[in-house]
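Chains Z and C supply the protein sequences, listed in that same order.
Sequential numbering of the first sequence, starting at 1, is according to my numbering.
Sequential numbering of the second sequence, starting at 1, is according to my numbering.
Here the structure is laid out as structure tokens; the discussion comes afterwards.
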Amino acid sequence: MEISYVRIDDRLIHGQVATVWVKTYDCNRIMCCSDEVAQDELRKQLVLQVAPPGLKAYIVPVAKAIEAFKNPKYDSFKTFFLFTNPTDVLRMVEGGVPFDLVNLGGMRYVEGKTQISPAVSVNEQDVDSLKKLSDLGVKLEMRQLVKDPKVDVIEKLQTMKLL
Amino acid sequence: MLAIIIGTHGYFARELLSTAEMIFGSSSNVKSIHLIPGKGVEDLVKEYEAALEELDTKDGVIFLNDLFGGSPYNAACRIAMQSDGYGVVAGVNLPMLIEMLSIQSNTEGISIVELTEKAIEAGKMGLNNFHRTLLKDSGEDEL
Numbered sequence: 001m002e003i004s005y006v007r008i009d010d011r012l013i014h015g016q017v018a019t020v021w022v023k024t025y026d027c028n029r030i031m032c033c034s035d036e037v038a039q040d041e042l043r044k045q046l047v048l049q050v051a052p053p054g055l056k057a058y059i060v061p062v063a064k065a066i067e068a069f070k071n072p073k074y075d076s077f078k079t080f081f082l083f084t085n086p087t088d089v090l091r092m093v094e095g096g097v098p099f100d101l102v103n104l105g106g107m108r109y110v111e112g113k114t115q116i117s118p119a120v121s122v123n124e125q126d127v128d129s130l131k132k133l134s135d136l137g138v139k140l141e142m143r144q145l146v147k148d149p150k151v152d153v154i155e156k157l158q159t160m161k162l163l
Numbered sequence: 001m002l003a004i005i006i007g008t009h010g011y012f013a014r015e016l017l018s019t020a021e022m023i024f025g026s027s028s029n030v031k032s033i034h035l036i037p038g039k040g041v042e043d044l045v046k047e048y049e050a051a052l053e054e055l056d057t058k059d060g061v062i063f064l065n066d067l068f069g070g071s072p073y074n075a076a077c078r079i080a081m082q083s084d085g086y087g088v089v090a091g092v093n094l095p096m097l098i099e100m101l102s103i104q105s106n107t108e109g110i111s112i113v114e115l116t117e118k119a120i121e122a123g124k125m126g127l128n129n130f131h132r133t134l135l136k137d138s139g140e141d142e143l
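Below, the structure is given as structure tokens:
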């Protein structure tokens, strides 16, 4: 399985992801990796049905995604990976999936989180996971829209005194 | 870079562009032209001509209009008779505009006629219906 791109976006496959991001980064599969969404049948159905025509989409628990990555049966996959949070991305990398760049696209604000950009809010666990990913050599770039400038996540967290 | 002129009744054009920018990001070499009460085809032709002066048109111009046969469309066709480099599409929707914005910088080797066809294709691909009885059995989507 080839890694086309990795994006953290808690809305998973939505408008601009389906129309712009997946076209910018060549892929033939979309894989949403989330234990939570994979077991929520209703949400799973709703996310899968907005996959762009011609692009097969999957929603699987993180452990299954790691297995599938290593399975030669899926060698022809060029996968656009989607996650709802950085902790799940960390689990994938620790599980042996070699992401070298992760795009931090969208994590909505909920009470208790700190907003670091119009589209991204983080809590302690998010920051911790981002730091661990960076320590493992994964480049972290914040960009909501494809045309936005790339912002280094670690630098941003340091500027905001979260790291 | 392809020039895009969106021409509609009312302010649909600029709102459509504004919405497209929420999805796509900032745009360039695009102009919105609006037919508001009191204006007619002649005014639109003049406004289109003024827009063509401002835009970079050496790679061609695509007019995206709302209604086939409406004044914005008719005025665009009048202009399009002046050059092979001008194409017109009626029935603009958001998916069509987003697609045109996406390919604006990469139209080398694609004729203006082909571009109008691509616009229509994108507009059609954007049409989709949903009803819970239409959902496929998710079993097919398992790994």
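Ideal Cβ positions, reconstructed from N, Cα and C, are used throughout, including at glycine.
In this text, all values refer to a predicted model and were calculated from it rather than measured experimentally.
Can you name the residues of chain Z whose CB is closer than 9 angstroms to the CB of S165/C? This structure gives no information on residue 165/C, because the portion of chain C shown stretches from 1 to 143.
Grab the span of the beta strand (DSSP E) containing M142/Z for me, first residue to last. M142/Z -> beta strand (DSSP E) spans K139 to M142.
Can you grab the Cα-Cα spacing for the pair E47/C / I33/C, in whole Å? If you take the alpha carbons of E47/C and I33/C, they lie about 7 angstroms apart.
How far does the beta strand (DSSP E) with D35/Z in it extend, from its first residue to its last? Counting along the chain, D35/Z sits inside no beta strand (DSSP E); it lies in the alpha helix (DSSP H) bounded by residues D35 to A38.
If you scan the region 99-136 of chain Z from start to end, which runs of the alpha helix (DSSP H) of 4 or more residues do you find wholly inside it? Within the region 99-136 of chain Z, the complete alpha helix (DSSP H) segments at least 4 residues long are 124-135, listed from N- to C-terminus.
CA nearest to the CA of L136/Z, picked from V102/Z, V110/Z and V122/Z: Considering only alpha carbons, the answer is V102/Z.
Can you pull the chain Z residues whose beta carbon is under 8 angstroms from the beta carbon of M125/C, in chain order? By Cβ distance, chain Z contributes P53.
In this structure, does DSSP put K56/Z in helix, strand or coil? If DSSP states are grouped into helix, strand and coil, K56/Z belongs with the strands.
Spell out whether any CB of chain C is found under 8 angstroms from the CB atom of Q39/Z. With 8 angstroms as the cut-off, Q39/Z does not count as an interface residue toward chain C.
Burial state of P155/C, where buried means 16 or more other Cβ atoms lie within 10 Å: Here chain C comprises residues numbered 1 to 143, so residue 155/C is not present and cannot be evaluated.
Coil, strand or helix - D88/Z by DSSP: D88/Z: helix per DSSP, three-state reduction.
Going along chain C in order, which residues have a C-beta closer than 8 angstroms to the C-beta of A68/Z? Residues of chain C passing the Cβ test: L143.
How should R143/Z be labelled, buried or exposed, when 16 other C-beta atoms within 10 angstroms of its C-beta is the threshold for buried? By the C-beta density criterion, R143/Z is buried, having at least 16 other C-beta atoms within 10 angstroms.
Unbroken alpha helix (DSSP H) run spanning S71/C, endpoints: Here the alpha helix (DSSP H) through S71/C covers S71 to A80.
Taking 8 angstroms as the threshold (beta carbon to beta carbon), is L44/C in contact with chain Z? Look at L44/C: its C-beta is not under 8 angstroms from any C-beta on chain Z.
Measure from the alpha carbon of F68/C to the alpha carbon of each residue in T8/C, T107/C and N129/C, then state which is nearest. Comparing alpha carbon positions, the residue from T8/C, T107/C and N129/C closest to F68/C is T8/C.
Tell me, please, whether the CB atom of G95/Z is closer than 8 angstroms to any CB atom in chain C? Interface residue (Cβ-Cβ distance to chain C less than 8 angstroms): G95/Z is not classified as such.
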